[in-house]
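With the numbering used here applied, the sequence shown covers 5 to 287.
For glycine and all other residues, C-beta sits at the position ideal for the given N, C-alpha and C.
Everything numeric in this text was worked out from a predicted model, so none of it was measured.
Beneath this line is the structure, given in structure tokens, with notes to follow.
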Amino acid sequence: MCIRDRSGSEHPLGQAFVLLAQKKGLTLKDISEFRAIRGKGVWALIEGKEILVGSRKLMKEEGIEPQSLEDTMIRLEDEAKTAMLVAYDGKLIGATAVADTLKKDSVQAIRELESMGIETAIISGDNRRTVAAIARQVGISRVLAEVLPEGKVEEIKRLQETVGSVSMVGDGINDAPALTQANVGIAIGTGTDIAIEASDVTLVRGDLSSVVTAVKLSRATFRKIRQNLFWAYFYNMVAIPVAILGLLHPVIAEAAMAFSSINVVTNANLLRRAKIKPDRRAA
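Below, the structure written as structure tokens:
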């Protein structure tokens with residue numbers, strides 16, 4: 005029943021249920037109506053019966069008391085799983101949960117970002133227990149949980165006011181507004197099209213080590229820009245006055261200017277040798 009309900013969702017969690025159904029060879033019945041309730045869950049109408057899958061807040065708003073499954077929900081959330089309640093025809097019938105597999109490079113990537121002077125935080129609409137459990141696994145101390153999509157934008161604004169520039173990494177529809185608000189929005193290439201369109205940078209690979217690579221590349225590029233600006237101004241400041249005063253033959257001055265251009269291009273090409281790959285020793 006839950007799989008049927010989630011089959012209309014574009015959210016990664018919904019797609020996980022659909023993939024499970026396909027693996028088990030289940031036949032999904034048609035959904036006559038479907039509505040995604042941002043940050044809370046989904047509602048669907050199948051064969052004239054209402055089905056709800058989502059958070060405690062969603063159930064309470066629909067007049068369904070979730071207390072009977074509270075112990076089950078807490079246990080699942082403490083295991084770093086996203087737990088959801090399922091209601092059929094106005095009655096609570098069970099709970100289900102999904103969990104992302106923590107990628108091997110996640111802990112290393114967070115450590116390296118921290119070593120580069122970048123403070124990390126996790127912001128999610130999931131339950132606080134679930135988010136806190138995941139944060140502990142990857143080594144993130146700042147946790148912002150149970151944040152609705154519009155709330156993510158406000159949290160980004162608050163961080164910009166308190167800490168300065170903020171980069172946001174996301175892959176879901178709910179992340180799009182926050183990606184736009186951030187100073188630099190970074191979308192995971194395996195995420196939704198809306199998130200990719202809202203971002204400034206799109207990572208082809210869906211792992212956090214790509215974020216480390218992107219930061220290192222941007223810093224190395226900025227260093228080269230500053231170096232090239234220095235050399236361009238240096239040659240002009242030295243060669244032009246010398247040529248005007250007649251202390252240098254015009255041909256030699258012209259050659260010096262040409263050499264400055266060659267120097268800038270050569271220096272820029274040295275960017276190819278920049279060490280931008282994640283440091284495997286940080287693990």
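Best match in the options for proximity to residue i [C-alpha to C-alpha]
i	options	result
R276	M241, T225, N267 and I160	T225
W47	M88, F234 and Q164	M88
N267	D75, G58, V22 and N232	N232
P181	T31, R42, V22 and Q26	R42
K156	D179, G143 and V167	D179
A259	A272, L249, I244 and N271	I244
N271	R227, V255 and K281	R227
Nonlocal neighbours in the same chain, by C-beta distance under 7 Å from residue i, ignoring five residues either side
i	result
T84	For clarity, residue 84 is Ala in the given sequence; the question names Thr instead. These residues qualify, in order along the chain: A103, T134, A137, I138 and Q141.
S171	A186, N187, V188 and I190
L183	M172, G174, G189, A191, A199, A202 and S203
Continuous alpha helix (DSSP H) stretch holding residue i: start and end
i	result
E165	P153 to T166
V216	S213 to I248
A278	Looking at the DSSP string, A278 is not in any alpha helix (DSSP H), and its letter there is neither H nor E.
E65	R60 to E65
I114	D109 to S119
Local conformation of residue i per DSSP, three classes
i	result
I78	helix
A287	Confidence at A287 is low in this model, with a pLDDT of 48, below 50, so the placement of that residue should be treated as unreliable; the coordinate-derived value is given next. If DSSP states are grouped into helix, strand and coil, A287 belongs with coil.
R146	strand
E201	helix
E135	The displayed chain sequence assigns Val, not Glu, to residue 135. Looking at V135 - three-state DSSP - the assignment turns out to be helix.
K288	This structure leaves residue 288 out entirely; the chain is present only between 5 and 287.
V46	strand
T206	strand
I126	strand
I41	strand
Cutoff 6 Å; reference residue i; Cβ partners in own chain excluding five residues on either side
i	result
I192	D175, L207 and G210
L252	V246
A286	Here A286 scores only 49 on pLDDT, less than 50, and its place in the model is too uncertain to base an answer on.
Residue i: first and last residue of the uninterrupted beta strand (DSSP E) it sits in
i	result
A99	K95 to V102
G171	In the sequence under discussion, the amino acid at residue 171 is Ser, which differs from the Gly named in the question. Segment S171 to G174, the beta strand (DSSP E) holding S171.
8 Å CB neighbourhood of residue i in its chain, flanking five on each side removed
i	result
A278	K220, L221 and A224
A3	There is simply no residue 3 to check, as the chain begins at 5 and stops at 287 in what is shown.
**Message:** Between the stretch 231-239 and the stretch 261-277, can you find at least three pairs of beta-carbon atoms closer than 8 Å?
**Reply:** yes
**Request:** State whether the stretch 62-72 contacts the stretch 24-40, with contact taken as three or more CB pairs (one from each stretch) at a distance under 8 Å.
**Result:** no
**Message:** Does the structure place the stretch 211-221 close enough to the stretch 116-131 that three or more beta carbon pairs sit under 8 Å?
**Reply:** yes
**Any 3 or more C-beta pairs closer than 8 Å across the stretch 125-133 and the stretch 142-149** = yes
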